[in-house]
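Chain order of the listed sequences is A and B. Residues in the first sequence are numbered consecutively from 1, following full-length UniProt numbering. Residues in the second sequence are numbered consecutively from 1, following full-length UniProt numbering. Worksheet: one structure, shown below.
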Amino acid sequence: MKLTELKAFTPARVVAVSDTSDTDPIARRLREIGFVDGEPLQVVGRGPFGADPLLIQIGFTRFALRRSEAARVTVELAA
Amino acid sequence: MSTLNIALVGNPNCGKTALFNQLTGSRQKVANYAGVTVERKEGTFTAPSGRTVHVLDLPGTYSLDALGADEIITRDACLGQIEGVAVPDVIVCVADATNLRLHLRFVLEIRRLGRPMVLALNMMDAARKRGIEIDTAALERELGLPVIETVAVTSEGTKALITQIDRATPSAPPINAVDIDHNETRRILSATVVMPTRTAKTDDALDRFLLNPWLGIPLLLFIMFLVFQAVFTWAAPAMDAIEASLAWLGGIATQPLADGLLKSFIADALFGGLGSVLVFLPQIIILFFFILILEESGYLPRASFLLDRVMGAAGLTGRSFIPLLSSHACAIPGIMATRSIPDLRERMTTILISPLMTCSARIPVYTLLIGAFLPNTQVFGVLSFQGLVLFGMYLIGILSGLIVSWVISISRREKREYPLLMELPSYRFPNLKSLALGLWERAMIFIRRITGIIFAVNTLLWVLVTFPGKPDGATGPDIDYSIAGRIGHFIQPAFDAIGFNWQICVALIPGLAAREVAVSALGTVYSVAGSDDEIASQLGGLISSQWSLATALSLMAWYVFAPQCLSTLAVIKRETNGWTYVAITAGYLFTLAYVAAFATYQITLGLTS
């Protein structure tokens with residue numbers, strides 16, 4: 001499922017980050033900051049308006065991602 | 001004695017700047033790299049061996065991939081490919097020990113450069129507190145680098161780091177792996193670090209509370225309200241003291257002098273001019289004190305998170321919040337703070353609207369006009385009507401900025417959104433030393449401005465209103481015959497439609513150099529115009545009897561928009577590397593100012609007549 005569909009405080013893992021274009025700088029930056037296959041993550045917060053942006057805890061870091069950015073990340077529930 | 005060049009590199013939020021402050025103290029200077037708007041921060045310290053060590057604090061980046069100006073500068077500086085920047089003898093890579101999963105990847109990227117390198121494992125105290133166990137010896141073995149544990153906010157570890165730097169540092173071992181950084185990071189982590197299952201309980205609890213969908217925004221507004229409340233109430237005694245002591249000094253300095261040109265120059269241009277501006281120093285320092293605390297504690301990025309959608313509606317991201325907040329003290333540091341916005345278009349939009357935020361230089365103009373023309377009544381028994389109007393002026397500034405930004409975003413051909421993708425660092429206690437240094441830096445920027453441009457302008461104004469003197473036997477007030485009076489009279493017809501009399505027109509000219517000067521200029525204009533000192537000190541009473549309410553409100557509307565600050569335009573020129581944005585800013589702000597003042601004047605006239 002997409003990261004945007006993940007429920008809050010549900011442990012999950014990154015499956016992949018998909019590029020929306022040939023050179024998608026956002027996808028590249030996402031990989032650089034640790035959104036790579038197998039990384040555990042959680043949604044730990046949502047913005048007050050339209051639940052946007054999302055606050056993602058990945059590893060020990062918290063990132064604010066807009067829903068449009070988070071939609072690039074495919075995740076699976078952690079077993 | 002030989003000197004040693006070292007460079008500090010690291011991810012954003014690794015505590016690199018605190019470490020830099022710890023190493024170099026106040027022996028720092030900030031400049032720009034040639035041709036780009038990336039800040040070049042340097043400092044020095046003396047190592048135990050007696051060697052002078054030059055420290056270059058490079059911008060925090062997530063990678064060396066040439067995505068932005070910061071990354072290119074960092075990479076080129078490490079390789080010694082920037083003209084005028086010495087090749088670093090040692091690269092000190094700073095990593096946050098509580099966030100090694102992210103930071104170690106960057107360490108590996110830097111290691112690939114093959115330069116002599118030391119890893120400073122920062123925030124070791126926080127890591128221990130969270131139960132993170134790091135086998136430093138194993139990490140040294142795995143990386144093939146000296147690893148020093150540091151706590152940047154205290155001097156713990158800094159000595160060890162200095163000793164290590166002072167020694168000959170070997171080059172990082174050559175690496176042939178190219179794209180396995182994430183896997184390599186995991187392998188090293190599992191071999192050297194024991195992570196507790198749950199970390200950062202404080203962050204969790206605080207974020208649940210401060211970023212709560214219902215509570216987050218009210219809390220943010222409450223915090224902002226407290227900050228501005230403190231700015232105005234705490235600054236008042238200090239401002240009174242500054243005013244009183246300058247008046248006292250001016251009195252002493254001019255006492256032995258006979259009435260004449262010299263006395264008038266010292267009293268009006270020197271002490272009067274400086275005093276009218278120096279009084280803002282307390283407000284600026286208090287506002288920045290809070291901004292720095294909020295920034296250092298990790299709350300400001302949270303505010304950006306909460307406001308992202310609001311800013312998004314205006315075509316920006318939450319990132320613009322911090323520069324725009326700083327612009328409420330002064331647009332100059334605000335515009336400089338836009339450097340933290342990676343997207344160029346967003347940065348330019350933020351720069352364009354920064355001058356609309358109500359900077360402290362507008363406050364004396366607003367307070368003068370509000371105090372003179374609006375009733376000091378109570379609303380709901382507790383709130384002061386005048387205070388509410390001042391608050392309204394802030395809101396008008398913010399709303400205008402958001403509207404302008406929205407117009408820019410819909411008129412752009414490229415509709416792509418600006419990326420947010422922002423790290424929210426761990427909460428931490430602000431470090432006193434960094435706080436003090438940050439405040440010192442801001443205060444110096446402001447004082448340099450006063451002693452430079454504002455002093456020059458006051459002197460020029462004094463000349464304009466003093467010369468030529470009144471001819472013998474003339475009956476009108478002195479200023480009517482001066483150059484300033486003539487200019488004021490000459491341009492006044494253009495401002496007739498917005499209700500400005502010639503005295504205001506005269507005051508607007510020096511007000512171009514800095515908004516606050518307009519108040520002292522009005523004082524000069526009215527006191528020179530044939531009235532005595534007593535009246536000059538009571539400018540408010542004077543103008544309230546001579547101006548209409550419509551004129552006063554029109555002047556306030558003018559001040560919301562008018563680009564009455566050449567220093568701001570100068571900073572825009574420097575930050576955007578050209579005149580285009582300066583012209584756009586000045587042009588659109590003057591247009592808005594005239595239209596707003598015109599509407600305000602005509603509507604008020606219609607309602608009050």
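Here a beta-carbon is modelled for each residue, glycine too, at the ideal position from N, C-alpha and C.
Please state the DSSP three-state secondary structure of serine 340 of chain B.
helix
What is the DSSP secondary structure of histidine 328 of chain B, counted as helix, strand or coil?
coil
Classification of asparagine 183 of chain B by the beta-carbon crowding that lies within 10 angstroms, buried from 16 upward
exposed
Taking the beta carbon of asparagine 122 of chain B as the centre, do at least 16 other beta carbons fall within 10 Å, making it buried, or is it exposed?
buried
Any C-beta of chain A within less than 8 Å: which residues of the segment 44 to 71 of chain B qualify?
Tyr62, Ser63, Asp65, Leu67
Closest to arginine 31 of chain A by CA distance: which of A/Leu77, A/Glu76, A/Phe63 is it?
A/Phe63
Is there a C-beta anywhere in chain B that falls below 9 Å from the one on threonine 61 of chain A?
yes
Closer than 7 Å between beta carbons: that is the criterion. Which residues of the segment 40 to 52 of chain A meet it against chain B?
Val44, Gly45, Arg46, Gly47, Pro48, Phe49, Gly50, Asp52
Does the separation of the CB atoms of isoleucine 132 of chain B and alanine 97 of chain B fall below 9 Å?
yes
Is the CB-CB distance between leucine 437 of chain B and glutamine 28 of chain B below 9 Å?
Cβ distance < 9 Å, so leucine 437 of chain B and glutamine 28 of chain B count as in contact.
Residues sharing a beta bridge with histidine 54 of chain B, DSSP
B/Asn5, B/Thr44
Just to confirm, are isoleucine 398 of chain B and leucine 356 of chain B a CB contact at a threshold of 9 Å?
yes
For asparagine 13 of chain B, name the three-state secondary structure that DSSP assigns.
coil
Could you tell me the alpha carbon to alpha carbon distance between aspartate 207 of chain B and alanine 507 of chain B, rounded to whole angstroms?
49 Å
For the putative contact between residue 84 of chain A and arginine 67 of chain A, defined by C-beta atoms under 8 Å, what is the C-beta separation to the nearest angstrom?
The question about residue 84 of chain A has no answer here: the residues shown for chain A are numbered 1 through 79.
Beta carbon proximity, alanine 16 of chain A to chain D, threshold 9 Å
The chain labelled as chain D is not found among the protein chains of the depicted structure, namely A and B.
Contact check, isoleucine 498 of chain B vs tyrosine 594 of chain B under 8 Å by CB: the rounded distance?
7 Å
If contacts are defined as beta-carbon pairs under 8 Å, then isoleucine 6 of chain B and valine 90 of chain B qualify, I think. What distance do you get, rounded to the angstrom?
5 Å
Report the residue from B/Glu346, B/Ser304, B/Ala314, B/Ile353 whose alpha carbon sits nearest the alpha carbon of histidine 328 of chain B.
B/Ile353
Assign leucine 77 of chain A to one of two classes, buried (16 or more other C-beta atoms within 10 Å of its C-beta) or exposed (fewer than that).
exposed
Quick check: what's the CA-CA separation for asparagine 11 of chain B versus phenylalanine 106 of chain B?
7 Å
According to DSSP, valine 92 of chain B sits in a beta bridge with which residue or residues?
B/Leu8, B/Val118
Within 9 Å, strictly: CB atoms of arginine 29 of chain A and tyrosine 581 of chain B:
no
Below 7 Å between beta carbons is the criterion; list the residues of the segment 1 to 16 of chain B that meet it against any residue of chain A, in chain order.
none
Return the CA-CA distance between aspartate 70 of chain B and alanine 77 of chain B, expressed in angstroms with no decimal places.
10 Å
Could you work out which residue in A/Gly47, A/Ala79, A/Gln57 is closest to glycine 318 of chain B when comparing CA atoms only?
Checking every option, the nearest Cα to that of glycine 318 of chain B belongs to A/Gly47.
Given a threshold of 16 other Cβ atoms within 10 Å of its Cβ, counted over all protein chains shown, does leucine 432 of chain B qualify as buried or as exposed?
By the neighbour-count criterion, in which 16 or more other beta carbons inside 10 Å mark a residue as buried, leucine 432 of chain B falls on the exposed side.
Given that a residue counts as buried once 16 or more other Cβ atoms are within 10 Å of its Cβ, and exposed if not, what is serine 531 of chain B?
Low per-residue confidence applies at serine 531 of chain B: pLDDT is 40, beneath 50, and the placement is therefore not dependable, though the value from the model is reported in the following sentence. With fewer than 16 Cβ atoms within 10 Å of its Cβ, serine 531 of chain B is classed as exposed.
Bridge partners - valine 465 of chain B, DSSP secondary structure assignment
None, per the DSSP bridge assignment.
Strand pairing of phenylalanine 305 of chain B, partner residues [DSSP]:
DSSP lists no partner for phenylalanine 305 of chain B.
First through last residue of the beta strand (DSSP E) which encompasses leucine 424 of chain B:
It spans 422 to 424 - the beta strand (DSSP E) in which leucine 424 of chain B sits, taken as one unbroken run.
Are leucine 281 of chain B and isoleucine 447 of chain B close, meaning C-beta to C-beta below 9 Å?
In contact: leucine 281 of chain B and isoleucine 447 of chain B (Cβ atoms closer than 9 Å).
What's the C-alpha gap between threonine 136 of chain B and arginine 413 of chain B?
53 Å
Along the chain, where does the beta strand (DSSP E) containing aspartate 52 of chain A start, and where does it finish?
52 to 58
With a cut-off of 9 Å, does the C-beta of arginine 66 of chain A fall near any C-beta of chain B?
Yes, because at least one Cβ of chain B sits closer than 9 Å to the Cβ of arginine 66 of chain A.
Using a Cβ-Cβ distance cut-off of 9 Å, determine whether isoleucine 491 of chain B contacts chain A.
no
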